[in-house]
Structures are given as C-alpha cells and as structure tokens.
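Participant: Structure incoming, see below.
Chains as they are written, first to last, in the working numbering: chain A, 1 to 277; chain B, 1001 to 1265.
Right, dumping it as structure tokens:
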C-alpha cells in the first residue's frame, strides 16, 4: 500500500520543436501516514511531479502506481487528492459547505454535507460559522483552508499539496500547516514547498529537485549531514538547520539535528553550558 | 482537453515571414482573401495552394500547427463537400448511388473545389497571427485605422483593447484548463452523460473563470491608470515599425499574383 513513482519522467511538447523535459528519473515512495516534502527552485519540476503522481499527466517514462494501479485508472478514482497553487481561485459554489461538498458528491458519498462539515472542522473552521458563508467573502487564510478542506473531504488515502502556504500571513500559514499535519494521520501527504522549514519538524522524507532531476532525497534528519548537497540544489537551508550547523562549526556539541525549535533551543543551551564549564 | 497552444496562436520562430512588417502581412492577407474568391477554376486554385505552401514553408511554422485550423472546420468542410457532391436523381453518370441520391463526377469536383478554397483561406489567413506577435498586430491595425481619426474613431483605444484581448486569450485558456484540472481532481467529469449534463458540468469551471477574469480586468485597469494611461492620444512607440523595401516588394508580388489569378487565368 503506497504511492510509488519509479524512474518517472515527463516532457512537455514531446516530439515537437518546443519539447521541454520537466521531470527525469524520479523515484519516490509515499506510504500512508508519511509526510514527504518536495522542494526546489521555480521550474525545477515540482508541480509536474505532483500532477504525475495525481494521474493528471501520463508519464512519458517510468511509472506511477497507487496501491498497485495507475492513478489515472478508474479503480484509482478518489485515491489521490490534489490541492493546486492558489486553490481558492477555483471556488464556484454559493456557500462554503456546498463548495467543500463538491468532491464527495462527485464520488457518490452518502452524506456529502456531513463529510464537508467534518473536513471544515479538520482545518480548524467551524462548520456552523463558515458553512453558509460565500466562499468569495473569506480572508486569504480562511479561503486556503476551505480549499484544502475540499480536498480532505474526499477522504483520499493520498493527499498532494502544491505550495499550500504560499501568499498567506503568519497565522494563515500556521493554521494550514496544522491542518496538514492533522490530515497526515489519515493519509500519506506530499507537500511541494519553496520553504520546507515550516514543515520540517513534521516531515519524514525530503526530495529536492533541480532541473527536473532529484538532487537530494532522504530522511529529514539526513539534511543535517548532507547540507552541502542540499545547498547545491539552490534551495535555502532551513534557518533551524543552518543555526545548528553554524553552532556545531563553532564547537557546540550537537550530535543530532533537532527539527523542533524548542528542542533545538534546549540542545543549544545545553551545549553552551557544557562549553562554559 | 487541452485548450492552450490553440489555433492561430503566435509561433515564436525566426523566419523571413516573421520579420515582415505587420502592415505588409495584413495587406497580403487582404490580397490573398480577394484572390481566393476571384479564383474560379482548378488551375487558379492550384496556384493559390502553391502560394500558401511556399508561405508556410518560408515561415518555418510547423505544418502540424499551420493545418490545425482545418480540424476545427471538419463539419463545415464535410457539409460543403456533400452539399455540392450529392445530387437528387442525377442525370449524369453517378459514382455512388443510394436511392434517389447520387454522387457524380462534376458534383464531387465542385465539392472538392469549394472545400479546398475554405481550407486555403483558413491556412493562409492564420499565417498572419501565427507569424505576428499580438503587439505587432495591434500596432499595425492602429496604423491602418489611423485615417479614421478624422471621423473621431478612437483608433488608439481600439488598438489597445485588441492588444489586451489578444494577450489574454492564451492566459484565459490556461486558466480554464487549470480550473478544469482542479475540478477534475475533485471528481468532476466533463465527458459523461448527455448534452445537458455535460453543459451543467461546466458550471464549476465557468463561475471561477469569470470571477477571475473580472478580478484580473479590474487589477489591469487600476495598474494601467496608476501608470498614467490616458488613452491613445500622444502615445509614442519604443519600437517604431518601418516598411522596408522587402515588405513593399512582397506586397507588389502578392498584388501581381492576384491580378494574374483573377484576370489572366
């Protein structure tokens, strides 16, 4: 049971004079309960990879399978849910509840409104307070969470999110991260992000793309040991990691990277005390 | 369903046709359109087909793209062919006969003639937009419409409207495709059921598409105003288009071809 990409490749405009190879030789395995981060610079192939994993593009090379079948196959309908960049620009219904219920209704859910209400609650929005509102009157953070609720309501075992926190203020980002971390208990999540730091403490695996290929892939903890590879991909090293690396270079005794800010602060203080002794 | 990269969209390659002044190309298209309707025999049509073939080849626009417009006219072409080829109780020798309906040689040739004329018209005229950027096209249009200022025709404003409209065709198509993909990912199906169900399935695409279009239009208007746009009066150009001798030569050649086809042949 997993969402598996094997030597995945895709070229836009294949067999034309305008062919652009977007993704090449990508291997990835996402099991239920995992949170995978996909990072990389603009144009590195992150969004194309997500579309391939969702079955919205047919692989030009390699394969994608979701629990053993192709994601575009009829049997896989509803198995992978995807949230695109700026998903709030796809609202169409008169009320928030009706918009969130769109997916479950299409999948033939018994009680789509109930599924929608649960999804709204899962992203921290009170269905009673928000359900009857027009989706066009929401703030940026609320709209993004409603759009994510639209994907959660489908109860897919795999959830793919493209830049879910882009353009949000600090509070909106915090709420969205919390909603995704909660959902991760139900589904395998793949998050494409420019800024992996906000998900780092919760993630299991990091894939960094550059020019359509994988330049870094490994458990989150390996970012600490392979920081140079990570930097070579042109991705900014998370401040939490950078701080600990700098402290270690200056003599701090930090045997392992702490991904949670509180734990990192504790480790740094302990190390400072030992040095002062 | 792919909506981007559609019929008539500019193809960014370098060719002598791309380098021609937009006004010269517009003039040639006007001459070509007149010529294609002056043609009344198969010899003239072959000459026009050769002219279109040479133009496409010189333009370096891939044939697949140059011929794309024909696909959209399949029904019209089929209707044209059948309307001319099918005869009720034909008196002449028939090639195919089903009951009182028959297809005879002259009718079929006539159908092929008119269908070919439509195809040539589409391919020939689409070369204008395939080889000219929207900005060059509207600059050329503004120049052509300039004499109408005498009767207070807002040539600059109309040209700006055309520029914006043409600029946003691919953007809108991409936006529509993006929304369709997003709604499809939420289980929407656009290719199932009867015509009414299919039409209703597009509501989740059309509503956000129009909301986004109006929002973008408002943002664009504010952005233009904040950059002091006050209409076309007194505006200057960064790149002033100049008709070169080769542009004039192409126009003269095109005119000569039309005269030969329309009058001599």
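Glycine included, every Cβ here is placed at the ideal spot set by N, Cα and C.
Fair warning: this is a prediction, and the values are worked out from it, not measured in the lab.
1. Compute the Euclidean distance between the alpha carbons of residue 68 (chain A) and residue 1228 (chain B), then round it to the nearest angstrom.
2. Grab me the residues of residue 263 (chain A)'s own chain with a C-beta within less than 6 Å of its C-beta, minus the 5 sequence neighbours each way, in chain order.
3. Is the closest heavy atom of the ligand SAM to the C-beta of residue 1263 (chain B) under 7 Å?
4. To the nearest angstrom, how far is it from the Cα of residue 98 (chain A) to the Cα of residue 149 (chain A)?
5. Which residues, in order along the region 1058-1069 of chain B, keep a beta-carbon less than 7 Å from a beta-carbon of chain A?
6. At a CB-CB cut-off below 9 Å, which residues of chain A make contact with residue 1207 (chain B)?
7. Given residue 32 (chain A), which residues of its chain have a CB within under 7 Å of its CB, disregarding the five upstream and five downstream residues?
8. In this structure, how does DSSP classify residue 1132 (chain B) when only helix, strand and coil are distinguished?
9. To the nearest angstrom, how far is the alpha carbon of residue 58 (chain A) from that of residue 64 (chain A)?
10. Can you check whether the CB of residue 1067 (chain B) is closer than 8 Å to the CB of residue 1103 (chain B)?
11. For residue 1097 (chain B), which beta-bridge partners are listed by DSSP?
12. Using the Cβ count rule (16 or more neighbours within 10 Å means buried), how would you classify residue 244 (chain A)?
13. For residue 220 (chain A), which residues in the same chain have their Cβ closer than 8 Å to its Cβ, ignoring the five residues on either side in sequence?
14. When we look at the beta-carbon of residue 1200 (chain B) and count the other beta-carbons within 10 Å, is it buried (16 or more) or exposed?
15. Below 7 Å between beta carbons is the criterion; list the residues of the region 39-66 of chain A that meet it against any residue of chain B, in chain order.
16. Do the region 1110-1127 of chain B and the region 1138-1150 of chain B make contact, defined as three or more Cβ pairs closer than 8 Å?
17. Since residue 1130 (chain B) and residue 1052 (chain B) should fall inside the 8 Å C-beta cutoff, what is the C-beta to C-beta distance between them, to a whole number of angstroms?
18. Measuring straight from C-alpha to C-alpha, what distance separates residue 1252 (chain B) and residue 1236 (chain B)?
19. Three or more C-beta pairs closer than 8 Å, one from the region 1169-1180 of chain B and one from the region 1200-1216 of chain B: is that the case here?
20. Once DSSP output is grouped into helix, strand and coil, what is the label at residue 11 (chain A)?
21. Provide the residue(s) that pair with residue 1084 (chain B) in DSSP beta bridges, ordered along the chain.
22. Counting only Cβ-Cβ distances shorter than 8 Å, please list the residues of the region 148-169 of chain A near chain B, keeping chain order.
23. Please confirm if residue 87 (chain A) has its CB atom under 8 Å from at least one CB of chain B.
24. Taking all protein chains shown into account, do 16 or more other C-beta atoms lie within 10 angstroms of the C-beta of residue 1198 (chain B), making it buried, or fewer, making it exposed?
25. At a Cβ threshold of 8 Å, is residue 1124 (chain B) touching chain A?
26. Please go through the region 124-192 of chain A and give each complete alpha helix (DSSP H) segment of 4 or more residues, from N-terminal end onward.
27. Can you tell me whether DSSP reads residue 946 (chain B) as helix, strand or coil?
28. Taking 8 Å as the threshold (beta carbon to beta carbon), is residue 1188 (chain B) in contact with chain A?
29. Taking residue 95 (chain A) as part of the alpha helix (DSSP H), name the residues at either end of that continuous run.
30. How is the beta strand (DSSP E) around residue 230 (chain A) delimited, first residue to last?
31. Residue 160 (chain A) to residue 1167 (chain B), Cα distance in whole Å?
32. Between the region 75-88 of chain A and the region 110-128 of chain A, can you find at least three pairs of beta-carbon atoms closer than 8 Å?
33. What residues in the region 1165-1179 of chain B have a beta carbon less than 9 Å from any beta carbon of chain A?
34. Can residue 1077 (chain B) and residue 1030 (chain B) be called in contact, C-beta distance under 8 Å?
35. Alpha carbon to alpha carbon, what distance is there between residue 1248 (chain B) and residue 1145 (chain B)?
36. My parser needs the alpha helix (DSSP H) runs of 4 or more residues fully inside the region 38-70 of chain A; what are they?
Facilitator: A quick look at the data gives this:
1. C-alpha separation (whole angstroms): 59 Å.
2. Hits under 6 Å: none found.
3. In terms of ligand content, the structure shown is empty, and the ligand SAM therefore cannot be addressed.
4. Between residue 98 (chain A) and residue 149 (chain A), the C-alpha separation is close to 12 Å.
5. If you check each beta-carbon in the region 1058-1069 of chain B against every beta-carbon of chain A, the ones closer than 7 Å belong to 1062.
6. Within 9 Å Cβ-Cβ: 91, 92 and 93.
7. Here the set comprises 1, 157, 187 and 188.
8. Here residue 1132 (chain B) carries a coil assignment [DSSP, helix/strand/coil].
9. Pairing residue 58 (chain A) with residue 64 (chain A), the inter-Cα distance amounts to about 9 Å.
10. Taking the C-beta atoms as reference points, residue 1067 (chain B) is found no nearer than 8 Å to residue 1103 (chain B).
11. In the DSSP output, where bridge partners are listed per residue, residue 1097 (chain B) has B:1102.
12. Classification for residue 244 (chain A): buried.
13. For residue 220 (chain A), same chain residues with a beta-carbon under 8 Å away, outside a window of 5 residues either side, are 37, 200, 203, 204, 205, 206 and 259 in chain order.
14. Residue 1200 (chain B) comes out exposed.
15. The residues in question are 54 and 56.
16. Result no; under three Cβ-Cβ pairs closer than 8 Å.
17. Beta-carbon to beta-carbon, residue 1130 (chain B) and residue 1052 (chain B) are separated by about 12 Å, too far to satisfy the 8 Å threshold.
18. Spanning the two alpha carbons is a distance of roughly 29 Å.
19. They touch, by the three-pair rule.
20. It is a strand residue.
21. Residue 1084 (chain B) is not bridged by DSSP to any residue.
22. If the cut-off is 8 Å between Cβ atoms, the region 148-169 of chain A has 150, 151 and 154 near chain B.
23. Among the residues facing chain B, residue 87 (chain A) is included, as its CB has a counterpart in that chain under 8 Å away.
24. Answer is exposed; the Cβ neighbour count stays below 16.
25. Output row for residue 1124 (chain B): interface = no.
26. As far as the region 124-192 of chain A is concerned, its whole alpha helix (DSSP H) runs of at least 4 residues are 127-130, 140-152 and 170-183.
27. The question about residue 946 (chain B) has no answer here: the residues shown for chain B are numbered 1001 through 1265.
28. Residue contact check for residue 1188 (chain B) against chain A: a CB pair falls below 8 Å.
29. Taken as a continuous stretch (DSSP letters only), residue 95 (chain A) belongs to no alpha helix (DSSP H), as it is neither H nor E.
30. Here residue 230 (chain A) belongs to no beta strand (DSSP E); instead the alpha helix (DSSP H) covers 227-232.
31. Straight-line Cα distance between these residues: approximately 32 Å.
32. Judged by pairs of C-beta atoms under 8 Å, the region 110-128 of chain A does not touch the region 75-88 of chain A, as fewer than three such pairs exist.
33. Interface annotation for the region 1165-1179 of chain B against chain A: 1175, 1178 and 1179, criterion Cβ-Cβ distance under 9 Å.
34. If you check the CB distance, residue 1077 (chain B) and residue 1030 (chain B) do not come in under 8 Å.
35. About 19 Å.
36. For the region 38-70 of chain A, whole alpha helix (DSSP H) runs of length 4 or above, ordered along the chain, are 46-54.
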